[in-house]
Structure formats: structure tokens, C-alpha cells
Amino acid sequence: MDIIKTLNWRYSTKSFDANKKISSSDFAKIKEILRMSPSSTNLQPWHFVIAETEEGKKRMAKGTQGFFIFNEAKVLNASHVVLFCSRITADEEYMQKLLESEDKDGRYPNDEIKQNVNGGRNVFADIHKYDLKDLQHWMEKQVYLNIGNFLLGVATLGIDACPMEGIDIKVLDEEFGLREKGFTAITAISIGYRTESDFNTTDKTPKSRLPEDEIITVL
Ligand SMILES: Cc1cc2nc3c(=O)[nH]c(=O)nc-3n(C[C@H](O)[C@H](O)[C@H](O)COP(=O)(O)O)c2cc1C
Numbered sequence: 006m007d008i009i010k011t012l013n014w015r016y017s018t019k020s021f022d023a024n025k026k027i028s029s030s031d032f033a034k035i036k037e038i039l040r041m042s043p044s045s046t047n048l049q050p051w052h053f054v055i056a057e058t059e060e061g062k063k064r065m066a067k068g069t070q071g072f073f074i075f076n077e078a079k080v081l082n083a084s085h086v087v088l089f090c091s092r093i094t095a096d097e098e099y100m101q102k103l104l105e106s107e108d109k110d111g112r113y114p115n116d117e118i119k120q121n122v123n124g125g126r127n128v129f130a131d132i133h134k135y136d137l138k139d140l141q142h143w144m145e146k147q148v149y150l151n152i153g154n155f156l157l158g159v160a161t162l163g164i165d166a167c168p169m170e171g172i173d174i175k176v177l178d179e180e181f182g183l184r185e186k187g188f189t190a191i192t193a194i195s196i197g198y199r200t201e202s203d204f205n206t207t208d209k210t211p212k213s214r215l216p217e218d219e220i221i222t223v224l
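Numbered continuously in my numbering, the sequence shown closes out at residue 224.
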């Protein structure tokens, strides 16, 4: 894979071909991309609601009404739509669950190392909870990291995507009962395949980025 080629191939797809579906083998990889993203202290403070069926996409499209109507067709015509959700809290029960899950995966050769990692993670969480008072924001940042990973990841599979912050969070939280489960929606990403007539393909609308010497300082 040529990473620069992939970065130039991908673009925010505005028009999806409603007749093209992501294969089940690619869908399995997509779920693994979501799972394998790094996060600070391996907190993994996320959940993903994926609309695959017409009915699922219709439910997702409830979050693209009113002001957000410009995103409706991207939801309805995509092959799948992934709603990225963030945890609202990281309570003791979750921290313990995480620790045991890491232990099960063989991360801890002994209990001392296990408890040290647990302590360190809790120190970080407490800094954000009490000192900086931005625990939720910190967790949301981890979700955005996953989003970046995801956008590049699906592009390597030749799958188009459109990230959408233009969604009604409250409506989607209600639709999927997210708040009761300790989550809130952050961003949706439609995935599938571009239409030839999409106005945003890079031959018609070239990508635009600030110049290297403006954004990078090499010392
Ligand atoms: C977090 C995020 C939210 C975005 N929200 C929307 C959106 O609601 N609707 C849309 O059409 N594009 C949306 N975009 C697409 C951006 O406008 C696009 O990524 C940017 O212009 C760079 O272009 P490119 O993705 O084609 O390289 C979003 C992008 C990101 C990263």
C-alpha cells in the first residue's frame, strides 16, 4: 500500500451508489479497524452503532433532519453508517472490566504489573475528572483518534467514507437509547462507494490543504 496514494484517493464522499454494498469479508475487517484503534491508557471509551439494513439507515437518518438535512442522502444511500459514540463516565466497574479483559488477553505477567497499570490508568482518569475537569472531553478525544484511524483504514480497503459531525446528537442518543447505556453520539461516518457523478471527486474538486511550510516546523 502506498500511503500517500491512499490519502489522495480518499475524499469525503458526498454521493454514494445505493446499489453497491460492502462485502461481508470487508465488513468484518471494518469492525476490526474499529476495535484495534489505539487510545490513551487503552481506555477504549467507545461504542459503535452500525446501520446496515434499510431500516437501520432510516433510523440513523432521523439524526439528519432539519438543519442537518444536507447529510440525509449520504446516510440513506451509503452501504453502512457507523455512529461513533463516547462513554459519559469511566467508573470503577468499567475500569475493572477493562483490567480483567487485558489480563485475559495476556497483558500481565504478574499481579504487581497488573495493579501498577490499573493505578496509572486511574491517575490519568482522575487528572481529567478532578484537576482538568474534562473527563468526557478526554474520552471524546479518544473517539476522534478512532475516527482518524477508521477513515484511513477503510480507504486502504478501497471503501469511500464521509465523516459527519452534522448530525442531531440528541435525536440519535434518544433513538438508540445511548444515554441510559452511558454513551453519547459523537460523529457518524457513512461508508460505501462513490458515484461517478459525485461533485466532490478529486478530479472535479481537488483537495485543498495548507502548505507544508506553514503547518510543519522541522528543528
Ligand atoms: C470530524 C469531521 C466532521 C465532518 N462533518 C461533515 C459533515 O457533516 N458533512 C459533510 O459533508 N462533510 C463533513 N466533513 C468533511 C470535511 O469537510 C472534509 O473532511 C474536509 O473538507 C477535507 O476534505 P477531504 O475529507 O475530502 O479530504 C467532516 C469531516 C470531519 C473530519
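Note that CB positions come from ideal geometry on N, CA and C, so glycine has one too.
Remark: the C-beta of LYS175 is outside contact range of ligand 1, defined as less than 6 Å to any heavy atom. Contact annotation: the segment 173-180 touches the segment 48-68, with at least three C-beta pairs closer than 8 Å. Secondary structure of MET169 (DSSP, three-state): strand. Take ASP203, set aside five residues on each side of it, and the residues of its chain with a beta-carbon closer than 7 Å to its own are THR18, LYS19, SER20, in chain order. Residue side-chain check: LYS34 keeps its Cβ at 6 Å or more from all non-hydrogen atoms of ligand 1. In this structure, LEU104 sits near ASN123, with a CB-CB distance shorter than 7 Å. A direct Cα-to-Cα measurement between GLU201 and ALA83 gives close to 14 Å. Chain order is used for the residues whose beta-carbon lies nearer than 6 Å to a heavy atom of ligand 1, namely TYR16, SER17, LYS19, ASN76, CYS167, PRO168, MET169, GLU170, GLY171, THR192, LYS212.
VAL87 is bridged by DSSP to ILE55, ILE194. Going by beta carbons, ILE196 and VAL148 fall outside the 7 Å limit. Shown here, PHE204 sits in coil according to DSSP, grouped into three states, outside any helix or strand. With respect to LYS79, CYS167 sits close: the two C-beta atoms are nearer than 7 Å. The three-state secondary structure of ARG64, taken from DSSP, is helix.
Taking a C-beta distance under 7 Å as the contact criterion, MET144 and SER91 qualify as a contact pair.
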